[in-house]
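Residue numbers (full-length UniProt numbering): 1 to 232.
In this text, a Cβ means the ideal position worked out from N, Cα and C, and glycines have one as well.
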């Protein structure tokens with residue numbers, strides 16, 4: 001293996017690494033922010049991008065590059081074109097799979113992607129969703145006990161409460177309702193969390209695409225920040 005081929009490989013790898021850092025930042029901070037990175041596929045998305053950007057592209061350069069070839073520029077153009085096309089496809093898949101809404105309802109968080117809304121025949125376009133970031137909503141519990149009991153029973157025929165798009169309220173203005181869903185103190189203590197954690201965070205159930213368990217929720221702003229490894 002010639003020095004020029006290795007040099008081309010490392011140059012390509014360095015450029016690809018820079019692109020990977022940028023795309024990973026978009027996935028981590030915008031498409032799957034906070035706890036969603038680990039509950040709804042953000043980490044899987046980065047693996048897809050890494051496979052295309054850090055493996056396939058530079059590896060093709062390592063295999064094909066030969067400064068003595070007559071069509072070297074053409075070969076390199078084809079490699080860059082293929083890598084760019086695969087990156088666009090990969091990011092498109094990651095973007096479309098992202099959760100566009102996180103709904104707190106019936107005592108727990110639920111995530112919904114575009115595909116989830118489509119699956120249930122719901123129109124997500126009526127929601128005030130963001131192009132990149134997921135939007136948080138809440139369905140406050142009904143105050144009337146009889147109505148609340150009836151609604152719980154009706155889930156058997158009408159589906160889960162969190163699918164009732166017409167009842168979504170802005171989370172930031174109504175997140176104080178989540179305090180009513182706090183777990184019993186004995187249950188929280190069974191997790192063995194430090195007192196400092198318990199003084200700053202609540203523990204609430206969370207149902208994501210790849211994670212159904214509990215998360216820590218910041219008491220100062222009501223945002224879930226980290227998942228817990230327990231057993232429901």
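By a C-beta neighbour count over all protein chains shown, 10 Å radius and 16 as the cutoff for buried, is residue 49 buried or exposed? Here residue 49 is buried. Its C-beta has 16 or more other C-beta atoms within 10 Å.
Proximity of residue 42 and residue 30 at Cβ, strictly below 8 Å: No, they are not a contact pair.
Residue 196 and residue 215 - do their beta-carbons sit closer together than 8 Å? No, they are not a contact pair.
Alpha carbon of residue 143 to alpha carbon of residue 149, nearest angstrom: Cα-Cα distance, rounded: 10 Å.
Length-filtered (4 minimum) alpha helix (DSSP H) runs lying within the region 157-201: As far as the region 157-201 is concerned, its whole alpha helix (DSSP H) runs of at least 4 residues are 171-174, 185-189 and 195-200.
Alpha carbon to alpha carbon, how far is residue 8 from residue 92? Distance between the alpha carbons of residue 8 and residue 92 is about 28 Å.
Is residue 137 closer than 8 Å to residue 168 when the C-beta atoms are compared? A contact, by the Cβ cut-off of 8 Å.
Which ranges would you report for the alpha helix (DSSP H) in the region 109-154 if only whole runs of at least 4 residues count? The alpha helix (DSSP H) runs lying completely inside the region 109-154 and spanning 4 residues or more are 114-119, given in chain order.
Buried or exposed: which applies to residue 157, given that a residue is buried once 16 or more other Cβ atoms fall within 10 Å of its Cβ? Counting every other CB atom within 10 Å of its CB across the protein chains shown gives residue 157 a total below 16, marking it as exposed.
Cβ neighbour criterion (16 or more within 10 Å) applied to residue 101: When all chains shown are included, residue 101 counts as buried.
Let me check one thing: in DSSP terms, what residues is residue 102 bridge-paired to? Looking at the DSSP output, residue 102 shares a beta bridge with 111 and 136.
Sequence-distant residues of the same chain with beta carbon closer than 7 Å to residue 161, five excluded per side: So the list reads 105, 106, 139, 151 and 155, once near-sequence residues are dropped.
Looking only at DSSP bridge pairs, what is residue 206 linked to? 109 and 213.
To the nearest angstrom, how far is it from the Cα of residue 44 to the Cα of residue 34? Between residue 44 and residue 34, the C-alpha separation is close to 15 Å.
Alpha carbon of residue 234 to alpha carbon of residue 74, nearest angstrom: Given that the chain is displayed from residue 1 to residue 232, the structure contains no residue 234 and the question cannot be resolved.
Output the boundary residues of the alpha helix (DSSP H) element that contains residue 47. It spans 42-50 - the alpha helix (DSSP H) in which residue 47 sits, taken as one unbroken run.
Okay, do the region 3-19 and the region 57-67 touch, 3+ Cβ pairs below 8 Å being the bar? Three or more Cβ pairs drawn from the region 3-19 and the region 57-67 lie within less than 8 Å of each other, which places the two stretches in contact.
Going along the chain, which residues of its own chain have a beta-carbon closer than 7 Å to the beta-carbon of residue 182, five neighbours each way excluded? So the qualifying residues of the chain are 202.
Skipping 5 residues on each side, what residues in its chain have a beta carbon closer than 6 Å to that of residue 62? Sequence-distant partners of residue 62 (beyond 5 residues in either direction) whose C-beta falls short of 6 Å from its own C-beta, in its chain, are 9.
Can you give me the C-alpha to C-alpha distance between residue 87 and residue 172, rounded to a whole angstrom? Those two C-alpha atoms are separated by around 35 Å.
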